[in-house]
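First residue of the sequence shown? That's 111 in our numbering, and the numbers climb one at a time after it.
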Amino acid sequence: MKREIVQIREDDLTGDKIAALLQEHLDNMHEITPPGSVHALDLERLRSPDITFWSAWQGDELLGCGALRHLDATSGEIKSMRTVQAYRRKGVASKLLEHILAEAERRGYGRLYLETGALAEFAAARSLYARYGFEPCGPFADYADDPNSAFMTKALPAKKQAPISLPASESA
C-alpha cells in the first residue's frame, strides 16, 4: 500500500465501486460455500437501518469494506468484511476491524459476534479475528448450527462512567 492515509468512511452503498466489490464478495461466497451456508448480505439487505456500513479508501481507490449490525442494546455483529484482492495482507482488514471495534465500544456494546466460514478458504479471516481476541462460540441471533460456519465472539471493555461527585454535605 502506498503511504497515503487510509480513510474509513460511512458508506451509503450507492457507488459503483462498492456495488462491484459486494457483488464479487457474494459471487465468491457462493463459489466456495455450500448452498444454504452463505450468510453474506446483498446490497439491499446491507441497506437495512440496523446496519452501519463503512468502506476504506486511499484517494479514490476502494480498498475494502465492513459493517456493524445492531443486534440489541448490548451487542452487535460484524458483517461483510471484504478486502479488494490487490490490497489483501496489507493491513486493510485490520484497520476496518479496529474501526468497527471502536464504534461498537462507542455504542456501549458489551459483546460482538460474527459468522465466517469454517472451510480452509476462511482460515485467514478466522486468524485475523482471533488476533483481535475473538473466540469460537455457538450460533447467535437467528443463525442455526452449521458445519460450514465458524461463529466467534468477543467481550468488549465495559464502558467507563465518570466518577460520581457528591456535594460536600453528602460525602461526609
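In this text, a Cβ means the ideal position worked out from N, Cα and C, and glycines have one as well.
Buried or exposed (CB count within 10 angstroms, at least 16 for buried), residue i
| i | result |
| --- | --- |
| residue 204 | exposed |
| residue 227 | buried |
| residue 130 | exposed |
| residue 182 | exposed |
| residue 192 | buried |
| residue 160 | exposed |
| residue 177 | buried |
| residue 214 | buried |
| residue 248 | exposed |
| residue 154 | exposed |
| residue 174 | buried |
Euclidean distance between Cα positions of residue i and residue j
| i | j | result |
| --- | --- | --- |
| residue 180 | residue 118 | 19 Å |
| residue 239 | residue 144 | 22 Å |
| residue 126 | residue 255 | 35 Å |
| residue 170 | residue 210 | 21 Å |
| residue 266 | residue 246 | 15 Å |
| residue 231 | residue 137 | 14 Å |
| residue 168 | residue 202 | 10 Å |
| residue 220 | residue 142 | 33 Å |
| residue 116 | residue 166 | 6 Å |
| residue 163 | residue 252 | 20 Å |
| residue 243 | residue 122 | 29 Å |
| residue 195 | residue 250 | 30 Å |
| residue 222 | residue 212 | 11 Å |
| residue 150 | residue 133 | 10 Å |
| residue 156 | residue 208 | 20 Å |
| residue 128 | residue 225 | 21 Å |
| residue 197 | residue 172 | 9 Å |
| residue 188 | residue 236 | 13 Å |
Endpoints, the alpha helix (DSSP H) within which residue i is located
| i | result |
| --- | --- |
| residue 205 | 202-216 |
| residue 126 | 126-142 |
| residue 154 | 153-156 |
| residue 241 | 233-241 |
Residue range of the unbroken beta strand (DSSP E) whose run includes residue i
| i | result |
| --- | --- |
| residue 118 | 117-120 |
| residue 246 | 245-247 |
| residue 227 | 221-227 |
| residue 259 | 259-265 |
Scan the stretch 156-197 and note each continuous alpha helix (DSSP H) run of 4 residues or more that stays entirely inside, going in chain order. none
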